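Numbering of the sequence shown is given in my numbering, commencing with residue 12 and proceeding in unit increments. Written out below as structure tokens is the structure these notes cover.
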Amino acid sequence: MKTGTRLVTLGREAPAGNSGEQYVNPPVQRGSTVLHADVADMRERVARAARGDDGGPVTYGLHGTPTHRAFLDAMTALEGGERTWALPSGLSACTSAIMAFVGQGDHILVPDSAYGPTRSFCIGTLARFGVATTFYDPRAGAEIAALLRPTTRLILIESPGSHTFEVQDIPQISAIARAHGAISVADNTWATPLYCRPIELGADVSVHAATKYIGGHADLLLGTVTCNAATAPAMRTFIRSTGLAASPDDCWVALRGLRTLHARLERHRATAERLIEWLLQQPEVARVLYPPLASDPGHTLWQRDFSGASGLFGVELQAAIPVAAVNTLVDSMRLFGRGYSWGGFESLLIPSRAERSLRAARLPDGLIRISAGMEDPADLINDLQQGFDRLRRTISEEQA
Ligand SMILES: Cc1ncc(COP(=O)(O)O)c(C=O)c1O
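This is how it looks when you write it as structure tokens:
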């Protein structure tokens with residue numbers, strides 16, 4: 012079946028609630044305590060859980076309700092993995108997918124373009140627990156092997172990278188990790204499981220901020236971690252021992268989001284392309300960072316490993332434009348919101364600010380990030396037009 016058809020029916024196999032009816036979208040079921048028929052039933056359910064059989068009847072709400080199962084089964088099927096867990100945010104999914112696999116004295120490799128708070132977690136919290144991080148150039152392929160240490164346990168991938176949109180060679184990096192006895196974890200938020208399946212490309216773990224496109228309505232904070240068969244047991248132990256869990260309500264919102272994900276993504280990309288076409292005609296634009304563009308340095312890898320694109324991209328303004336003028340452009344937007352997220356129905360435009368450890372990868376001052384939303388593209392272009400007019404006035408006033 013094609014993706015759009017699968018998105019309509021996925022997750023319906025999860026056990027129904029007490030009433031037993033089959034709803035088009037499984038209704039939310041909240042609950043902590045599960046009542047058992049007798050001691051034998053209690054023991055049987057606990058024994059099944061101890062064997063790792065979490066697909067069976069629930070023992071306690073923390074380990075998942077039928078609502079969790081419906082969403083998590085759908086994610087596992089879309090990602091082509093063994094099992095998925097839901098966490099309270101995308102960031103907690105990223106940090107859990109690292110913590111589950113490392114311990115004191117270990118070393119990990121992290122792309123320099125990784126999501127900022129993931130970077131901060133590695134530099135701060137992980138270091139405090141005795142795990143060392145080396146940042147690597149996200150454009151690196153085989154060169155990554157030279158950075159491996161005997162203690163390297165994990166390689167993080169985020170493709171394309173935050174703010175600078177470098178496409179990474181997921182198959183090659185995953186193969187290097189595996190040959191070394193390390194695991195590879197990919198943040199797949201930009202592509203969603205519809206357009207990239209890192210586990211099928213060789214990665215062990217795929218992570219999402221479901222907060223973005225999967226939720227799609229700027230009203231959800233949720234993360235997911237999908238593991239292959241080899242990594243699922245360690246992830247399960249980590250989740251069980253830390254008590255990390257998302258609410259059934261949030262999983263239900265995310266499952267509802269999945270139903271329309273394909274249609275929304277097509278619209279996000281179509282709008283992004285209209286905006287990019289207009290932006291590339293403006294003399295103030297030096298380049299657009301978007302892997303589907305033939306001119307993008309990651310285009311060939313994107314063509315090989317991705318089957319589509321979402322609507323988040325970067326715009327680099329000419330280096331000569333003063334920062335104050337760039338800020339004026341951002342401030343003058345009326346339809347584009349100024350907000351730290353993306354993937355929702357609302358268009359956003361922000362100045363890109365991100366740390367980098369490798370000197371060559373420093374961000375230019377005039378880099379902005381656009382999340383193309385659901386508004387009519389003509390209205391968005393009008394908004395950009397008045398913003399660029401304002402930018403031009405500011406530049407000529409400064410020059411006068
Ligand atoms: C690539 C990426 N991963 C993870 C996250 C974290 O998601 P959340 O905001 O749900 O914690 C973000 C948030 O912007 C992100 O851009």
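Every residue, glycine too, gets a C-beta built ideally from N, C-alpha and C. These figures come from a predicted structure and were not determined experimentally.
- By the neighbour-count definition (other C-beta atoms within 10 Å, threshold 16), MET12 is an exposed residue.
- Spanning the alpha carbons of THR20 and ASN393 requires a straight line of approximately 39 Å.
- In this structure, ligand 1 has no non-hydrogen atom nearer than 6 Å to the beta-carbon of ALA153.
- Residues of the same chain with a CB within less than 8 Å of the CB of ILE168, apart from the 5 flanking positions on each side, are PRO122, GLN179, ILE181, ILE184, SER185, SER195, VAL196, ALA197, ASP198, PRO209 and ALA214 in chain order.
- Residue TYR301 holds the alpha-carbon nearest to the alpha-carbon of TRP313 among ARG23, THR271, ILE406 and TYR301.
- Beta-carbon to beta-carbon, GLY234 and SER368 are separated by about 24 Å, too far to satisfy the 8 Å threshold.
- SER170 sits in coil when the DSSP states are folded into three classes, being neither helix nor strand.
- Rounded to whole angstroms, GLY91 and GLU211 show a C-alpha spacing of 7 Å.
- By the CB criterion at 7 Å, ARG275 and GLY322 fall outside the cutoff.
- At a threshold of 6 Å, THR175 does not count as near ligand 1, since its beta carbon sits no closer than that to any of the ligand's heavy atoms.
- The closest CA to that of THR237, considering only THR405, ASP84, THR282 and GLY141, is found on ASP84.
- GLY325: member of the beta strand (DSSP E) spanning 323–328, first to last residue.
- In this structure, DSSP gives TYR71 an extended state, which the three-state scheme calls strand.
- Look at ILE225 here: in three-state DSSP terms it is coil, with no helix or strand label.
- Taking a C-beta distance under 7 Å as the contact criterion, PHE317 and TYR224 do not qualify as a contact pair.
- Counting only the Cα atoms, ASP307 lies some 21 Å from ARG278.
- A distance below 6 Å between beta-carbons, with the five flanking residues on each side excluded, links VAL218 to the following residues of its chain, in chain order: ALA104, CYS105, ALA108, ASP198 and VAL236.
- For TYR224, the distance from the CB to the nearest heavy atom of ligand 1 is not below 6 Å.
- With a threshold of 16 other beta carbon atoms within 10 Å, ARG164 meets it and is buried.
- If the five residues before and after VAL113 are omitted, its C-beta is found closer than 7 Å to the C-beta atoms of ILE119, VAL142, ARG164 and LEU165, all from its own chain and listed in chain order.
- Less than 7 Å separates the beta-carbon of THR222 from that of GLY101.
- Residue pairing by DSSP puts VAL218 in a beta bridge opposite ASP198 and VAL236.
- In the DSSP assignment, LEU98 is bridged to GLY234.
- For TYR147, the three-state secondary structure derived from DSSP is strand.
- Taking the Cβ of TYR301 as the reference point, every heavy atom of ligand 1 lies at 6 Å or farther away.
- Within the model, the alpha-carbon separation for ALA383 versus THR70 is close to 43 Å.
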